[in-house]
Amino acid sequence: MQRKLLYILASVALLSVGWLGASGFTLLVALVPLLYISDGYSSSAHDWWRMAGWAALTFVLWNVATVWWIWIATPIGPIAATIISTFWNMVAFMLYHYISKRAPKSVAYTILVAAWLATEYLYIHTEVLSFPWLALGNGFSGSTWAVQWYEYTGVLGGTLWVLLSNIAIFEALKQRTKWPAVRAGVVALLPVVVSLVIYWGYEPQSERVKVAVLQPNVDCYDEKFNNTATRQMQNIVDLISQTPADAKIIVLPETALPDMVDDDEPQSDIAVQIVDTILTQHRPQAMVAVGASTMKEYDYGQKPSSTARGNVGGYFDIYNSAIAINGDGAGDVHHKMRLVVGVETMPWWFKSLSELIDLGGVTGQLGRNDKPTVFEKSGVKAGPAICYEGLYGDCFARFVREGAEVMLVMSNDGWWGNTPGHKRLFDFCRLRAIETRRAIARSANTGVSGFITSRGDVEQRLDWDKRGVLSADVEVGSRTTAYVTYGDWLGRMGLLLTFLGVLYFVAYRIRRKNHLV
Numbered sequence: 005m006q007r008k009l010l011y012i013l014a015s016v017a018l019l020s021v022g023w024l025g026a027s028g029f030t031l032l033v034a035l036v037p038l039l040y041i042s043d044g045y046s047s048s049a050h051d052w053w054r055m056a057g058w059a060a061l062t063f064v065l066w067n068v069a070t071v072w073w074i075w076i077a078t079p080i081g082p083i084a085a086t087i088i089s090t091f092w093n094m095v096a097f098m099l100y101h102y103i104s105k106r107a108p109k110s111v112a113y114t115i116l117v118a119a120w121l122a123t124e125y126l127y128i129h130t131e132v133l134s135f136p137w138l139a140l141g142n143g144f145s146g147s148t149w150a151v152q153w154y155e156y157t158g159v160l161g162g163t164l165w166v167l168l169s170n171i172a173i174f175e176a177l178k179q180r181t182k183w184p185a186v187r188a189g190v191v192a193l194l195p196v197v198v199s200l201v202i203y204w205g206y207e208p209q210s211e212r213v214k215v216a217v218l219q220p221n222v223d224c225y226d227e228k229f230n231n232t233a234t235r236q237m238q239n240i241v242d243l244i245s246q247t248p249a250d251a252k253i254i255v256l257p258e259t260a261l262p263d264m265v266d267d268d269e270p271q272s273d274i275a276v277q278i279v280d281t282i283l284t285q286h287r288p289q290a291m292v293a294v295g296a297s298t299m300k301e302y303d304y305g306q307k308p309s310s311t312a313r314g315n316v317g318g319y320f321d322i323y324n325s326a327i328a329i330n331g332d333g334a335g336d337v338h339h340k341m342r343l344v345v346g347v348e349t350m351p352w353w354f355k356s357l358s359e360l361i362d363l364g365g366v367t368g369q370l371g372r373n374d375k376p377t378v379f380e381k382s383g384v385k386a387g388p389a390i391c392y393e394g395l396y397g398d399c400f401a402r403f404v405r406e407g408a409e410v411m412l413v414m415s416n417d418g419w420w421g422n423t424p425g426h427k428r429l430f431d432f433c434r435l436r437a438i439e440t441r442r443a444i445a446r447s448a449n450t451g452v453s454g455f456i457t458s459r460g461d462v463e464q465r466l467d468w469d470k471r472g473v474l475s476a477d478v479e480v481g482s483r484t485t486a487y488v489t490y491g492d493w494l495g496r497m498g499l500l501l502t503f504l505g506v507l508y509f510v511a512y513r514i515r516r517k518n519h520l521v
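Note that the numbering used here has the sequence shown beginning at 5, numbered continuously upward.
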């Protein structure tokens, strides 16, 4: 009992390190203690439930150690995230445990890898109850030099590496012979060698565009909603005046504009007009990409969307949006595609809880885009991702498929306080840069603003609770990576292999029962 508890605590510590600011290389052995516990149990139903208890404890504590900070904004958030994440992890691991007692180890290991990839894929791509913060491949966000091959595999390639490494090291420790040890070393180290070859051989493209990112540093819990719109706009105008005269793109954070903007006619909003006037007078060659809450009203007889809200005056949708302001009025508007579950979107059976949750920006059931909108200035196309969209590789890939040559990220991270939350969200953007080979300019209200190269290196950063302006000559990318083309293909393979693996296991058990094997 005590030894198993120590094993569990070891797994939790090794799993958590990559989300707490240190290297994620501990993930390569993090599941070994859990595999040892599973190996020691029999095939009985009683032992299955005992293993399920230890596995659940491991995954729950892993969540508690890494996403506790959501509690600052809502007590419900970390509870929901823990339940959902633990469920997906349990599906994969307990399926492995069950099969490992009734079929050859090779079948069980195949199921473990395939099912884990499949469940992460489902967790990432489901529209509701999606919070893939703890996808194993995300644990290398602080060691991007080691995962340059994400441009081929996406973050699920990191998950595959972690699983194969744990299996190989576990078998090497069990067998204590030469070749399993050599195999484990190759599995753990070869991806790093490949990554370093890619990293040092990578040549960024020569075309550049001057981009400035602004960090207004507005207190989300006080200043943002208690300050007057005039003071907030004065802060923005002052920061724009500090940008370089040759800046072509100026990026402001999520929901930076204080007003609710008309989605059909954003140029009619006073805040938009103020920014437009500043550009016309002082930065005529620049475009401002700014976050705002926008509202679309439906005319009488016009069919509202499924997310529309109703009142006496009719139906309307509210969006978390990014607006392009070009000095000649507002242009394109992008509506956030991936909404934060429990804040910006709510499964119908949880909608009664929406008033209890507040994670920033506008809340409640929001409208969303099904397709990304790409902004363009001076011949350069920029993808305006909003906050949570930086967690999803496929979301960034969709911008690039639409022609984005530079990625912009607008965020409002102050709701979680000075915790690991905003730091990891910035680091995850480093993985997005590698997957798409697009440089990223990130503007946070407060949190971390900065520039990330297409190799995932941090070029400049402005940290928590600092107000200011950063500028850089950002690479304009035109290459298309395998990940952009094929998306999360490893996850789709995982789904197929899980299905085939389970079918094989069922056939194996039938043949064994009939004494055919």
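Where a beta carbon is used, it is the ideal one built from N, C-alpha and C, also for glycine.
Query                                                                                                           : Result
Residue from 106, 43, 238 and 112 with nearest C-alpha to residue 513                                           : 106
Span of the alpha helix (DSSP H) around residue 398                                                             : 397 to 405
Own chain, CB closer than 6 Å to residue 112, minus 5 neighbours either side, in chain order                    : 100, 103 and 104
Whole alpha helix (DSSP H) elements within the region 471 to 500, 4-residue minimum                             : 486 to 490
As assigned by DSSP and simplified to three states, the class of residue 324                                    : strand
Spatially closest choice to residue 441 from 416, 399, 479 and 138, by CA coordinates                           : 479
DSSP state of residue 301 mapped onto helix, strand, coil                                                       : strand
Where residue 187 sits in the DSSP three-state scheme                                                           : helix
Status (buried if at least 16 other CB within 10 Å, exposed otherwise) for residue 426                          : buried
For residue 466, three-class secondary structure by DSSP                                                        : strand
Helix, strand or coil at residue 431 [DSSP, three-state]                                                        : helix
Three or more C-beta pairs below 8 Å linking the region 152 to 170 and the region 122 to 139                    : yes
Per-residue burial, residue 180 [other beta carbons within 10 Å of its own, 16 or more giving buried]           : exposed
Beta-carbon spacing of residue 339, residue 373 below 7 Å                                                       : yes
Cross-strand partners of residue 315 (DSSP beta bridge)                                                         : 318
Member of 451, 191 and 446 whose CA lies at the smallest distance from the CA of residue 423                    : 451
Whole-Å CB distance - residue 388 paired with residue 293, under 8 Å assumed                                    : 5 Å
Residue 151 to residue 466 span [Cα, whole Å]                                                                   : 25 Å
Buried/exposed call for residue 147, threshold 16 Cβ in 10 Å                                                    : buried
Where the alpha helix (DSSP H) through residue 240 begins and ends                                              : 233 to 245
Integer-rounded CB distance, given that residue 82 should sit under 8 Å from residue 72                         : 6 Å
Contact set for residue 232: own chain, Cβ-Cβ below 6 Å, skip 5 residues either direction                       : none
Residue burial classification, residue 300 (beta-carbon count within 10 angstroms, cutoff 16)                   : buried
Rounded C-alpha distance that separates residue 496 from residue 122                                            : 7 Å
Opening and closing residue of the beta strand (DSSP E) in which residue 215 lies                               : 212 to 219
Span of the beta strand (DSSP E), counted from its first residue to its last, around residue 446                : 444 to 448
Selection from 407, 444, 404 and 383 that minimises the alpha carbon distance to residue 391                    : 444
Residue 400 to residue 21 span [Cα, whole Å]                                                                    : 26 Å
Pairwise C-alpha distance: residue 516 and residue 108                                                          : 12 Å
Three-way DSSP call (helix, strand, coil) for residue 51 in this model                                          : helix
contact_flag[the region 447 to 463, the region 498 to 513] where n(CB pairs < 8 Å) is 3 or more                 : no
Residue 360 burial status per 10 Å Cβ neighbour count (16 or more: buried)                                      : At residue 360 the pLDDT is 49, less than 50, meaning the model places this residue with poor confidence; the figure from the coordinates comes in the next sentence. Classification for residue 360: exposed.
N-terminal and C-terminal residue of the alpha helix (DSSP H) that residue 43 is part of                        : 36 to 43
Best match in 52, 34 and 33 for proximity to residue 522 [C-alpha to C-alpha]                                   : Residue 522 lies beyond the residue range present for the chain, which begins at 5 and ends at 521; the question has no answer from this structure.
Inter-residue spacing [alpha-carbon to alpha-carbon] between residue 337 and residue 380                        : 12 Å
Whole-number beta carbon distance between residue 66 and residue 116, since they are thought to touch under 8 Å : Not a contact, Cβ separation roughly 17 Å.
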